[in-house]
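Asks:
Residue numbers (this note's numbering): -19 to 697.
1) By how many angstroms is the C-alpha of residue 98 removed from the C-alpha of residue 668?
2) Leaving out the 5 sequence neighbours to the left and right, which residues in its chain are closer than 7 Å to residue 590 when beta-carbon positions are compared?
3) Could you check the C-alpha separation between residue 31 and residue 408 for me, to the nearest Å?
4) Which residues mark the beginning and the end of the beta strand (DSSP E) in which residue 670 is found?
5) Using a Cβ-Cβ cut-off of 8 Å (strictly less than) and excluding sequence neighbours within five positions of residue 416, which residues of its own chain qualify?
6) Under the three-state reduction of DSSP, which class applies to residue 85: helix, strand or coil?
7) Between residue 348 and residue 257, is the Cβ-Cβ spacing less than 7 Å?
8) Just the Cα atoms here: how many angstroms apart are residue 616 and residue 629?
9) Hey, is the region 204 to 211 in contact with the region 116 to 131, meaning 3+ C-beta pairs nearer than 8 Å?
10) In chain order, what are the residue ranges of uninterrupted alpha helix (DSSP H) at least 4 long that sit wholly in the region 400 to 459?
11) DSSP puts residue 347 in a beta bridge; with which residues?
12) Would you grab the beta carbon distance between residue 296 and residue 252 for me? Rounded to a whole angstrom, and I think it's under 8 Å.
13) Between the C-alpha atoms of residue 301 and residue 274, what's the straight-line distance to the nearest angstrom?
14) Among residues of its own chain, excluding the 5 on either side of residue 441, which ones have a beta-carbon nearer than 6 Å to its beta-carbon?
15) Under 7 Å between the Cβ atoms of residue 131 and residue 237?
16) Relative to the C-alpha of residue 201, which candidate in 138, 262, 70, 685 has its C-alpha closest?
17) Once DSSP output is grouped into helix, strand and coil, what is the label at residue 685?
18) Output needed for residue 452: all residues of its chain with C-beta closer than 8 Å, excluding positions within five of it in sequence on either side, in chain order.
19) Going straight from the alpha carbon of residue 263 to that of residue 323, what length do you get?
20) Using the beta-carbon count (16 or more within 10 Å), is residue 310 buried or exposed?
21) Between which residues of its own chain and residue 359 is the CB-CB distance below 8 Å, once the five residues before and five after are set aside?
22) DSSP has residue 200 in a bridge; who is on the other side?
23) Return yes when the Cβ of residue 109 is within less than 7 Å of the Cβ of residue 150, no when it is not.
24) Which class does residue -5 belong to by DSSP, given the choice of helix, strand or coil?
25) At what residue ranges does the region 503 to 544 contain a whole run of the beta strand (DSSP E), taking only runs of 3 or more?
26) Excluding five sequence neighbours on each side, which residues of the same chain lie with their C-beta closer than 6 Å to the C-beta of residue 698?
27) Counting along the chain, where does the beta strand (DSSP E) carrying residue 46 start and finish?
28) The beta strand (DSSP E) that contains residue 269, what's its start and end?
29) DSSP on residue 486, reduced to helix/strand/coil?
30) Would a C-beta distance cut-off of 7 Å place residue 567 and residue 232 closer than the cut-off?
31) Quick one: what does DSSP say residue 589 is sitting in, helix, strand or coil?
32) Compute the distance between the beta-carbons of residue 577 and residue 512, then report whether it is under 7 Å.
33) By Cβ distance below 8 Å, which residues in the same chain neighbour residue 644 in space, the five residues on each side in sequence not counted?
34) In terms of residue numbering, what span does the beta strand (DSSP E) encompassing residue 648 cover?
35) Excluding the 5 residues flanking residue 518 on each side, which residues of the same chain have their C-beta closer than 8 Å to its C-beta?
36) Alpha helix (DSSP H) containing residue 376: first to last residue?
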C-alpha cells in the first residue's frame, strides 16, 4: 500500500436535511486522520458531505415496471392493475422508526406508458396520524411529506437526481444550481404531476413523470422515495424518515437510489445467485455491491447487494449479463473507511457472463476478484532537492500514475524551491460526468487550510491591539450556546489558534448535536473547528466589518493572494471543481457565509504566496512572527500512530509545525471529504509544495508526494 503513517481514530455519522434552503454545509460523516506529514491539522472533514454509502451507484433496491394504460392521476388507485407487485417502503436511513404498522406502513407500485413516455407511481401509506402544516411557514419537515427522487439518465458516470417534495400545502424541488450534472439546471414541476387523497388512516399518492425520449423497454432508471412522517405527539423537531432503498442523502450524491427496470408486458424474471472470492486469500471482506449490465442493451444495468460472506442474489429479465465490480476501489473495512486499507480492484479482466432465464434459478460462476499492486515509483531521495524544470516530466508521470491508481479526478500542484515557485501544473478533470478539464483557473476547496489564513488576519489585529491573544473571548462577545458552562469564560484567541479550547471539532459530532467543553480550556490539545468559528464572530464584532473584508485587507492584499474566495459568488461558481467520492462527482455547494475553519477556495500556485509570505516574514512584525511560530501545543502521539522517531508535531498560532530529520516544516492540510489538500514548506531547505485534489482518495497521493518530493522512500511501518 505504500507508506501510510496515519491513524484513523474515528468515524462519525451525521445526517442533515436534504432541502435546498440549507444555510450551512451538509455533513454525513467525518474521518479523523493523523497522517505523518499533516498530523492533527487535516484530521477532520470540516463541513462536508460524506458517508460510507456515498460511493454507491445504486443502493440495491430493484422494482419492475410493466405497461399501464388509462391511469388517472387523482389519488385513487382503483384503475391500477390488481396483480402489480407491492414494493415495501420500510428502510430507515436515519431517525426513529414507526411504532407499528398503524403508526406507519407503506408500499408502492410502478408502471409505464411508452405512448405517453411516462412513468407512473402509486404509493399507499397507512398512518394513524397524518399531519398537514397549513401555516405560511409550511416546510418539508413540518408535516408529512412525500419525497420522490428520479435519475432518468441513469448514467454509470453518476448523472444527477431530481427531487420533488410534496404535501397538501407544500411543493418544492432540490436546488439544481449546485448539481454536478448540467442537464439538471432547469428542473421544475412541468414534467411531473402528483395528487394525494386521504381516506380514514390511509393516504394515497399518485405520480406521473414525463420521461421524454429516455423511456424504452429494457432500460433501467433510478428512483426512490423518502417519507417524512410527523405524528401529532412528536415534539417540534422530531421526524421519522422512511425510504424504499437504503441510504439517505439521495439528492446530494449520485447513485443513492434504487432501480426501476422497464419490462415487456407479462415478461418474467429469472433469479441469479452467486458468490465473490479473492485471488489473494489474505483479503478480508468483499465489495458491498456488484454490477450487472445487459450485453445487448447497456442501458439496462443495475447493482445488487453483496453480503458479508460474498454471496448475492437478484432477479433480472431474461438475457445475457456481464457481472463486474461496481467500483474500482475497495475499502477492506468499509464501515470505517480506513484509508490504509484502500485497494484498487483490477477491473480490466474482472468480469464474467451469466444468462438469466425466466422462472429459473441460475447459479453464476464464482466471481474471482484481484487487486492491482500500489505504485512503487518513489526514489530513495526526494526529487525536489535537485529539481530542474527540464525534468518536470518525472513529476507529471508520478502524479498521473497515482491519479489513475487511486481514481483521483483532478489535481492542482505547485512546487517551491529556493524560495520561489519552480513548477506549476494541473491534471485531470474537475467533473467526471462532464469531463471538463482542470486548468490554472480551477479552484479547489482548501478545507482546513483556511485556518492559518484566518489566523494570519487575527495576528494582524493582535499587532494593532484590536484583539488581545489572552483576553477571554466572552468579554468581546458572549457565546450563549455554551454560557451554561463557566469554563468557557477562560477561552482566549490563543486557545483557539493552538487548539486548546476544549471544544469538540464540531458540535454535531456530539450525540446530542450541541456544543460542549471536554476539558478545562488551555490544559489539553483538541483539534476544533468550532473554536475558529467563535473567534470569527468575535473578530467581526470588534472590527465592525464582515469577514470577507477583513480577509482581503489583512491577508489577501498584504500577501498578494489572488483568485481566492471564502463564500459563494458568480465567478467562483463558474470555475470551482466538483468534489468526488470514489470517482463520482458531488454537489458544488458553495458556502453562503465564510467559514474560517473550512471554506476557502483557491488553487496551488496562488496559495504558494501564503507559504512564501510566512517564510519571508512578510506582513507582520518580527516579534509577531516569533509568537505565531512559537510552540503553543505539543501534539501527543496517538497510541496507534506509527510515525518514526525524529518526527514531532506541534501547533503554533493556527500554524502546524513539525520537527523532522529534514529540518523544521510548517503548513497545514485540509480534508473536506471529497477534497483533500496539503500545503507544506521546509524552512531550512526553503522548499515545499502545495497540492489540491478533488477526491476523497487524494490523501493517498498526498502521503506519497511527501516521500517523492522531500523525504525519499521511507521504511514501511
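Just so it is clear, CB atoms sit at the ideal spot from N, CA and C, and this is done for glycine as well.
Replies: Let me spell this out:
1) By 1-based counting over the chain shown, the position of residue 668 is 688. By 1-based counting over the chain shown, the position of residue 98 is 118. When rounded, the distance between both Cα atoms is 57 Å.
2) For the purposes of this step, residue 590 is identified with residue 610 of the chain shown, where counting begins at 1. Taken in chain order, the residues that qualify are 433, 539, 541.
3) As a first step, residue 31 is located in the chain shown; it is residue number 51 there, counting from the start. As a first step, residue 408 is located in the chain shown; it is residue number 428 there, counting from the start. Note that residue 31 scores 36 on pLDDT, short of 50, meaning its location in the model is unreliable and no value can be drawn from it.
4) Residue mapping note: residue 670 aligns to position 690 of the chain shown, counting from 1. 667 to 673 is the extent of the beta strand (DSSP E) around residue 670.
5) Within the chain shown, the letter at position 436 stands for residue 416. Excluding sequence neighbours, residue 416 sits near 409, 410.
6) Here the question's residue 85 lines up with position 105 in the chain shown. DSSP places residue 85 in strand when its eight states are reduced to three.
7) What you label residue 348 is simply residue 368 of the chain shown in a count that begins at 1. What you label residue 257 is simply residue 277 of the chain shown in a count that begins at 1. Closer than 7 Å, so yes.
8) Against the chain shown, residue 616 aligns to sequence position 636. Against the chain shown, residue 629 aligns to sequence position 649. So the two alpha carbons sit approximately 8 Å from each other.
9) yes
10) 430 to 443
11) On the chain shown, residue 347 is found 367 positions in, with the first residue counted as 1. DSSP lists 256 as partners of residue 347.
12) Taking the first residue of the chain shown as 1, we reach residue 296 at position 316. Taking the first residue of the chain shown as 1, we reach residue 252 at position 272. Right, the Cβ-Cβ distance comes to about 6 Å (below 8 Å), so this counts as a contact.
13) Walking along the chain shown from the start, residue 301 turns up at place 321. Walking along the chain shown from the start, residue 274 turns up at place 294. Approximately 4 Å between the Cα atoms of the pair.
14) By one-based count along the chain shown, residue 441 stands at place 461. Taken in chain order, the residues that qualify are 447.
15) As a working mapping, residue 131 is identified with position 151 in the chain shown. As a working mapping, residue 237 is identified with position 257 in the chain shown. In contact: residue 131 and residue 237 (Cβ atoms closer than 7 Å).
16) On the chain shown, position 221 is the one that residue 201 refers to. When each option's Cα is compared against that of residue 201, the closest is 138.
17) On the chain shown, residue 685 is found 705 positions in, with the first residue counted as 1. Residue 685: helix per DSSP, three-state reduction.
18) Translated into the one-based positions of the chain shown, residue 452 becomes position 472. Closer than 8 Å at Cβ, skipping near neighbours: 469, 470, 471, 472.
19) Taking the chain shown and counting its residues from 1, the one referred to as residue 263 is at position 283. Taking the chain shown and counting its residues from 1, the one referred to as residue 323 is at position 343. Each residue's alpha carbon lies about 10 Å from the other.
20) Residue 310 sits at position 330 when you count from the first residue of the chain shown. Classification for residue 310: buried.
21) Mapped onto the chain shown, residue 359 falls at position 379. Cβ within range, chain order: 688, 692, 693.
22) Here residue 200 refers to the residue found at position 220 when the chain shown is read from its first residue. Residue 200 pairs with 241.
23) Translated into positions along the chain shown, residue 150 becomes position 170. Translated into positions along the chain shown, residue 109 becomes position 129. Contact: no.
24) Here the question's residue -5 lines up with position 15 in the chain shown. The predicted position of residue -5 is uncertain, since its pLDDT is 25 and thus under 50; a value taken from the coordinates is nonetheless stated next. The answer is coil: DSSP assigns residue -5 none of H, G, I, E or B.
25) none
26) No answer is possible for residue 698: the residues shown for the chain start at -19 and end at 697.
27) Residue numbering aside, residue 46 sits at position 66 when the chain shown is read from its first letter. Looking at the DSSP string, the run of the beta strand (DSSP E) that includes residue 46 is 42 to 47.
28) Taking the first residue of the chain shown as 1, we reach residue 269 at position 289. Per DSSP, residue 269 belongs to the beta strand (DSSP E) from 269 to 274.
29) The sequence position of residue 486 within the chain shown is 506, counting from 1. The answer is coil: DSSP assigns residue 486 none of H, G, I, E or B.
30) Residue mapping note: residue 567 aligns to position 587 of the chain shown, counting from 1. Residue mapping note: residue 232 aligns to position 252 of the chain shown, counting from 1. In this structure, residue 232 lies closer than 7 Å to residue 567 by Cβ.
31) As a first step, residue 589 is located in the chain shown; it is residue number 609 there, counting from the start. Three-state DSSP puts residue 589 in a helix.
32) Numbered from 1 along the chain shown, position 597 holds the residue referred to as residue 577. Numbered from 1 along the chain shown, position 532 holds the residue referred to as residue 512. Yes.
33) As a first step, residue 644 must be located in the chain shown, where it is residue number 664. Around residue 644: 637, 638, 662, 663, 664.
34) Residue mapping note: residue 648 aligns to position 668 of the chain shown, counting from 1. From DSSP, the beta strand (DSSP E) with residue 648 extends over 645 to 651.
35) Position 538 of the chain shown, counted from the start, is the residue given in the question as residue 518. Answer for residue 518: 447, 453, 456, 457, 473, listed in chain order.
36) The count along the chain shown starts at 1 and reaches residue 376 at position 396. It spans 372 to 386 - the alpha helix (DSSP H) in which residue 376 sits, taken as one unbroken run.
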